[in-house]
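These notes concern the structure reproduced below.
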Amino acid sequence: MMKNIGIIIELDNGKIKETNFGMITLARADKSQLFAFVMDADTRDLKQELESFGITQLVNISLPPDQQNNPVIRAKAIINAIKAFNISIVFGLSTAMGKDLLPRIAALIEAPLVMDCFHVDLEQNLVKTSQYSGKTIATIKLAGDVLVLGVRPNAVEPIKAQDPGQILELKLDGTHLVSKGFSVIRTGEADKSTTIDLVEADVIIAGGRGMKNSENFTLLSTCAEKLNAAAVGASRVAVDSGWVPYAMQVGQTGEKVSPRVYIACGISGSIQHFAGMKTAGMVIAINTDENAAIMSNCDYYVKADVLEIIPELTKLL
Amino acid sequence: MQIYVCVKHVPDSAVNITIVDKNSIDENITFLLNPYDEHAITEAVQIKKNLPGSEVIAVCLGKTDARNTLRSALAMGADRGILIVSENGCDSIETAKALKAAMEQDGSPGLIFTGRESIDAEGMQTMFRIGALFNFPVATNVVKLDIEADRAVVNSELSGGTANTYDMSLPCVIGAGRGLNTPDYPTFRDVVNSKKKPIKTIVFSELNIEASLAGANIIELEPLQQKREPKEITGDKAVIAKEIVKILRDKAKVI
Chain A
55 MMKNIGIIIE LDNGKIKETN FGMITLARAD KSQLFAFVMD ADTRDLKQEL ESFGITQLVN
115 ISLPPDQQNN PVIRAKAIIN AIKAFNISIV FGLSTAMGKD LLPRIAALIE APLVMDCFHV
175 DLEQNLVKTS QYSGKTIATI KLAGDVLVLG VRPNAVEPIK AQDPGQILEL KLDGTHLVSK
235 GFSVIRTGEA DKSTTIDLVE ADVIIAGGRG MKNSENFTLL STCAEKLNAA AVGASRVAVD
295 SGWVPYAMQV GQTGEKVSPR VYIACGISGS IQHFAGMKTA GMVIAINTDE NAAIMSNCDY
355 YVKADVLEII PELTKLL
Chain B
11 MQIYVCVKHV PDSAVNITIV DKNSIDENIT FLLNPYDEHA ITEAVQIKKN LPGSEVIAVC
71 LGKTDARNTL RSALAMGADR GILIVSENGC DSIETAKALK AAMEQDGSPG LIFTGRESID
131 AEGMQTMFRI GALFNFPVAT NVVKLDIEAD RAVVNSELSG GTANTYDMSL PCVIGAGRGL
191 NTPDYPTFRD VVNSKKKPIK TIVFSELNIE ASLAGANIIE LEPLQQKREP KEITGDKAVI
251 AKEIVKILRD KAKVI
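Those sequence lines, one after another, are chains A and B. Going by our numbering, the first residue of the first sequence is number 55, and it counts up by one from there. Going by our numbering, the first residue of the second sequence is number 11, and it counts up by one from there.
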């Protein structure tokens with residue numbers, strides 16, 4: 055039987071975020087058709103790209119005025135699309151936005167949900183995710199009329215569809231949706247252009263105890279600005295010392311990230327820190343202590359003071 | 011107001027995990043109160059101080075051993091505990107239903123807390139499922155919470171330090187994030203006193219949870235292998251920087 059698969063596309067300033075294409079690649083399967091869901095979008099510039107990755111239906115859902123950032127309304131809009139198009143599997147990104155959207159959808163329709171998936175088998179409804187602070191990989195069997203899957207950003211290399219069909223645009227009216235007892239007073243969206251989401255970053259430069267103080271973190275942000283799409287992270291020590299805000303923490307009780315490159319600057323590499331960055335593509339460690347755990351658990355290591363190396367690196371970028 | 015805090019008994023993040031019987035772990039390791047739940051308890055106790063007559067009740071679904079985690083919650087200031095004993099693992103749909111049934115049987119929640127995720131299953135969804143079952147509004151990764159009469163105003167943190175501010179009617183469900191507060195760790199006297207606080211035990215099967223067709227079952231666990239072979243980059247700082255650029259460009263292809 056033909057399966058209808060729905061993919062929630064995340065836009066940034068009206069453009070498709072790069073990490074969506076890995077998700078679409080993961081969602082492609084035999085005997086299925088791919089629906090892309092967007093909300094209040096200008097679809098003119100989206101069609102061609104989505105089509106090349108194998109999307110055959112683009113569903114643009116209109117929301118009530120000024121409710122684009124309301125996660126309850128967004129969840130209900132997606133649920134309407136699931137029903138309208140007989141969707142059996144919904145994909146979304148495990149980004150900050152996804153973490154506030156996908157569980158709402160799954161909860162409201164009592165569907166199983168696995169966040170941070172990096173592998174799926176849609177024939178058998180099996181997904182893989184990490185558990186126990188990144189120490190194990192769990193294979194989870196899902197059952198239900200609708201399954202909801204959060205895909206770990208950057209986990210899958212985007213590959214264009216071999217034989218894409220022509221994309222069809224559909225509209226769905228969600229302007230009547232309400233969120234009883236829940237309203238958005240303010241959104242942090244405005245600041246987002248200046249800060250790159252840690253979870254989605256291709257490259258992360260993270261600082262730990264070796265950064266010594268708050269001011270030295272500007273060395274990392276200056277370096278990050280010179281690298282494409284790089285974000286600055288931190289270890290728990292740096293956060294607890296008050297050098298940088300909680301939101302920058304990578305690890306067990308911070309963000310779990312999978313960048314293509316993770317540059318650990320003056321970070322010792324506790325088990326809890328590894329829990330947050332273990333799945334990075336490449337790890338480069340810079341530390342004065344050659345016995346630091348990170349030095350034996352990385353791809354490249356430099357035995358030197360990060361405060362000397364980073365400015366030198368910035369000069370060359 | 012009755013403030014319920016849903017807590018979980020989880021393996022200490024510092025211990026090694028050994029997989030047994032293909033899809034379980036060797037549980038002869040240290041377990042503790044899920045770190046995010048510490049923020050939830052701390053916040054609930056703080057709210058109680060401002061709202062005299064309130065009660066903080068910690069609820070936990072787990073095996074018999076999970077009683078220790080409830081004791082930790084009581085030592086941190088919860089007034090009493092409810093342990094729902096299930097010797098089998100529950101997925102998040104069953105977990106939310108069991109927690110809801112236990113809370114409903116016990117009283118009338120004015121506010122419900124969970125941690126933003128558990129550090130073992132990392133599911134990030136129980137708060138939303140509880141909210142949907144009760145039809146209460148929900149916010150997760152809450153780093154600031156103000157209770158104003160019949161409303162809660164929360165900052166729900168996104169990454170990059172930005173947060174959305176939501177207004178929710180009470181009762182509501184809050185997934186506590188790490189920035190919410192600094193947990194008050196118990197003194198020796200708190201620990202001694204907590205032993206006198208009551209813990210009610212309910213057997214999972216007695217809650218008559220309606221079976222769901224939907225579910226998620228772990229069929230296999232495998233250790234995440236580290237396959238990295240560290241290579242040293244040597245030289246003076248200029249040489250090292252040049253080498254890093256080369257790696258970023260030629261091997262990682264990010265520049």
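Cβ coordinates follow ideal geometry from the N, Cα and C atoms, glycine included.
**Request:** Please decide whether A/R314 counts as near chain B, where near means a Cβ-Cβ distance under 9 angstroms.
**Result:** yes
**Request:** In the DSSP assignment, find the unbroken beta strand (DSSP E) run with A/R128 in it and report its ends.
**Result:** No beta strand (DSSP E) holds A/R128; the alpha helix (DSSP H) holding it covers 125-138.
**Asked** Which word fits B/K18, buried or exposed, when buried means at least 16 other C-beta atoms lie within 10 angstroms of its C-beta?
**Response** buried
**Message:** I need the boundaries of the alpha helix (DSSP H) containing A/G152, first residue and last residue.
**Reply:** Where A/G152 is concerned, the enclosing alpha helix (DSSP H) stretches over 150-162.
**Item:** Whole runs of the alpha helix (DSSP H) within the stretch 167-243 of chain A, excluding any shorter than 4 residues
**Value:** If we require 4 residues or more, the stretch 167-243 of chain A turns out to have no alpha helix (DSSP H) run fully inside it.
**Asked** In whole angstroms, what is the alpha-carbon distance linking A/R290 and A/P218?
**Response** 46 angstroms
**Prompt:** Is A/K280 helix, strand or coil by DSSP?
**Reply:** helix
**Message:** Using the three-state DSSP reduction, which class does B/D3 fall into: helix, strand or coil?
**Reply:** Because residue 3 of chain B is not part of the residues shown, which for chain B are 11 to 265, the question remains open.
**Message:** Give me the chain A residues within the contact set of B/D177, using Cβ-Cβ distance strictly less than 7 angstroms, ordered along the chain.
**Reply:** S237, I239
**Request:** Would you mind stating whether A/F236 and B/D156 have Cβ atoms separated by less than 9 angstroms?
**Result:** Going by C-beta atoms, A/F236 is not nearer than 9 angstroms to B/D156.
**Message:** Out of B/M11, B/V95, B/G133, which one is the CA nearest neighbour of B/N60?
**Reply:** B/M11
**Ranges of the alpha helix (DSSP H) found wholly within the stretch 154-229 of chain B, counting only runs of at least 4** = 198-204
**Request:** Below 7 angstroms between beta carbons is the criterion; list the residues of the stretch 253-286 of chain A that meet it against any residue of chain B, in chain order.
**Result:** V253, D256, V257, L281, N282
**Prompt:** Pick from A/Q102, A/G68, A/N74, A/M55: whose alpha carbon is nearest that of A/I61?
**Reply:** A/N74
**Prompt:** For B/E65, which of B/R126, B/F214, B/G120 has the nearest alpha-carbon?
**Reply:** B/G120
**Asked** Measuring CA to CA, which of B/E48, B/Y46, B/I27 is closest to B/T40?
**Response** B/I27
**Request:** Mark B/P233 as exposed unless 16 or more other C-beta atoms lie within 10 angstroms of its C-beta, in which case mark it buried.
**Result:** Classification of B/P233: exposed, given that the 10 Å Cβ count is below 16.
**Asked** Counting only beta-carbon atoms, is A/M331 nearer than 9 angstroms to chain B?
**Response** Look at A/M331: its C-beta is not under 9 angstroms from any C-beta on chain B.
**Prompt:** Apart from the five residues just before and just after A/G198, which ones in its own chain have a Cβ nearer than 7 angstroms to its Cβ?
**Reply:** A165, P166
**Message:** Beta carbons nearer than 9 angstroms to chain A: which residues of the stretch 95-126 of chain B have them?
**Reply:** Answer in chain order: D101, S102, I103, A106, R126.
**CB contact flag (A/G188, A/K310, <9 angstroms)** = yes
**Request:** Say whether the stretch 219-236 of chain A touches the stretch 126-143 of chain A, bearing in mind that this needs 3 or more beta-carbon pairs closer than 8 angstroms, one atom from each stretch.
**Result:** yes
**Message:** I want to verify the contact list: residues of chain B whose CB lies under 7 angstroms from the CB of A/N208, in sequence order.
**Reply:** For A/N208, there are no neighbours in chain B by C-beta distance under 7 angstroms, as the nearest C-beta there is about 11 angstroms away.
**Message:** Considering only the alpha carbon of each residue, which of A/C352, A/V232, A/G323 lies closest to B/I243?
**Reply:** A/C352
**Request:** Could you pull the start and end residues of the beta strand (DSSP E) that A/I363 belongs to?
**Result:** Run containing A/I363: none in the beta strand (DSSP E); it sits in the alpha helix (DSSP H), 360-370.
**Prompt:** Between the stretch 142-158 of chain A and chain B, which residues of the former have a C-beta closer than 9 angstroms to a C-beta of the latter?
**Reply:** S148, T149, A150, M151, K153, D154, L156, P157, R158
**Message:** Using C-beta distances below 8 angstroms, list every residue in its chain close to B/E53, excluding the 5 sequence neighbours before and after it, in chain order.
**Reply:** Correct list, in chain order: F123, L155, I184, A186, L190, N191.
**Message:** By the DSSP assignment, the beta strand (DSSP E) with A/T110 in it spans what residues?
**Reply:** 109-116
**Asked** When the Cα atoms are used, what is the spatial distance from A/S86 to B/L93?
**Response** 45 angstroms
**Request:** Please report how far the alpha carbon of B/V264 lies from the alpha carbon of A/T333, in whole angstroms.
**Result:** 17 angstroms
**Request:** Please name the residue or residues paired with B/R90 in a DSSP beta bridge.
**Result:** B/I67
**Request:** Tell me whether the beta-carbon of A/V181 lies closer than 9 angstroms to the beta-carbon of A/I159.
**Result:** no
**Message:** Give me the DSSP bridge partner(s) of B/V152.
**Reply:** B/S166, B/A186
**Message:** Judging by CA-CA distance, which residue of A/I239, A/D154, A/L162, A/P207 is the nearest neighbour of A/Q121?
**Reply:** Per the C-alpha coordinates, the member of A/I239, A/D154, A/L162, A/P207 positioned closest to A/Q121 is A/I239.
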